[in-house]
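Numbering (this note's numbering), first residue to last: 195 to 483.
Right, one structure below, let's go through it.
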């Protein structure tokens, strides 16, 4: 039941109960019997007649009150039912509209519509879970003639690599000191990270492409940073790779070295990504049409 309609139905409560005539019956109790014994039958009959008349009037009043209450309840129940029917119809129409839009998008994807495919892969990417600090600023372009998808990915900042690789406790100073990670190790770890992101993205593209509309996919990973000489925002490309679906599907990803795998596919990774040393993209994202 729709929430708002449920609340309306809940608020009217149960219908009022019809008064029970038995509750207004005049009963003869021990006091009445004693009254008859003392006052006699004639006085007893008058007493009982008055009691019966009071109870009759009370029952009639209760019945009149019930009729008013039941009419009010029925009016509120009718209004609640109308609200329920209206809300149900609204939700059904909303669901139908949503499902129709989904089906229209599905058919557009199956037909190879460029805009629909870009929207679809954006949805796939948005549904992909990344750790905190990874901003999902990604663009997709699809080339219908080449059946190829191009991905422009904004890489995570370089400080996602921890500065220290170990911590030691200095008992004499009662301090915990970090052991700085070497620059070479930090460079290698970040290269591994961005290479893994590239492979993961390619894997998600090909696996989610049930319609098999993408024969090849290219990935360019850019780092948003600032040019210290000019203060301008720049986006050097730090990893780039392009491959065919048939080639990628042969890979056993859980056994590869990410850097070696990217380079084995003909891709490139920056040798010094922490120094923002750019590479030339394998595919020019802006040229994909």
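Even for Gly, the Cβ is constructed at its ideal location relative to N, Cα and C.
Name the residue from the options whose alpha carbon lies nearest to the alpha carbon of residue i.
| i | options | result |
| --- | --- | --- |
| residue 373 | 380, 362, 445 and 366 | 362 |
| residue 413 | 407, 435 and 400 | 435 |
| residue 360 | 375, 367, 351 and 338 | 375 |
| residue 456 | 396, 418 and 403 | 396 |
| residue 377 | 482, 271 and 465 | 465 |
| residue 477 | 417, 410 and 453 | 410 |
| residue 323 | 473, 394, 290 and 379 | 394 |
| residue 400 | 475, 343, 288 and 271 | 343 |
| residue 437 | 470, 258 and 340 | 340 |
| residue 314 | 371, 379 and 402 | 402 |
| residue 318 | 333, 292, 325 and 326 | 333 |
| residue 209 | 257, 250, 263 and 254 | 263 |
| residue 416 | 297, 347 and 331 | 347 |
| residue 328 | 269, 352 and 284 | 352 |
| residue 389 | 320, 294, 451 and 404 | 451 |
| residue 265 | 326, 211, 475 and 424 | 211 |
Is it the case that the Cβ atoms of residue i and residue j are separated by a distance below 8 Å?
| i | j | result |
| --- | --- | --- |
| residue 463 | residue 420 | no |
| residue 384 | residue 428 | no |
| residue 381 | residue 304 | no |
| residue 338 | residue 300 | no |
| residue 215 | residue 260 | no |
| residue 218 | residue 245 | no |
| residue 335 | residue 473 | no |
| residue 369 | residue 453 | no |
| residue 459 | residue 470 | no |
| residue 406 | residue 311 | no |
| residue 276 | residue 206 | no |
| residue 357 | residue 364 | no |
| residue 447 | residue 391 | no |
Got a sec, what are the start and stop residues for the alpha helix (DSSP H) residue i sits in?
| i | result |
| --- | --- |
| residue 321 | 308-321 |
| residue 380 | 377-402 |
Going by DSSP, what residue range makes up the beta strand (DSSP E) through residue i?
| i | result |
| --- | --- |
| residue 438 | 431-438 |
| residue 332 | 332-337 |
| residue 415 | 410-416 |
| residue 350 | From DSSP, residue 350 is part of no beta strand (DSSP E); its letter is neither H nor E. |
Which of the three DSSP states is assigned to residue i in this structure?
| i | result |
| --- | --- |
| residue 214 | coil |
| residue 448 | helix |
| residue 200 | Since pLDDT at residue 200 reaches only 48, below the 50 mark, its modelled position is unreliable, and no value is offered. |
| residue 195 | In this prediction, residue 195 has a pLDDT of 45, which is less than 50 and means its spatial position is unreliable; nothing more can be read from the coordinates. |
| residue 476 | coil |
| residue 324 | coil |
| residue 483 | coil |
| residue 263 | helix |
| residue 254 | helix |
| residue 284 | helix |
| residue 470 | coil |
| residue 205 | helix |
| residue 219 | coil |
| residue 406 | coil |
| residue 243 | helix |
What are the residues that DSSP puts in a beta bridge with residue i?
| i | result |
| --- | --- |
| residue 345 | 334 and 413 |
| residue 463 | 433 |
| residue 363 | 370 |
| residue 420 | 427 |
| residue 358 | 374 |
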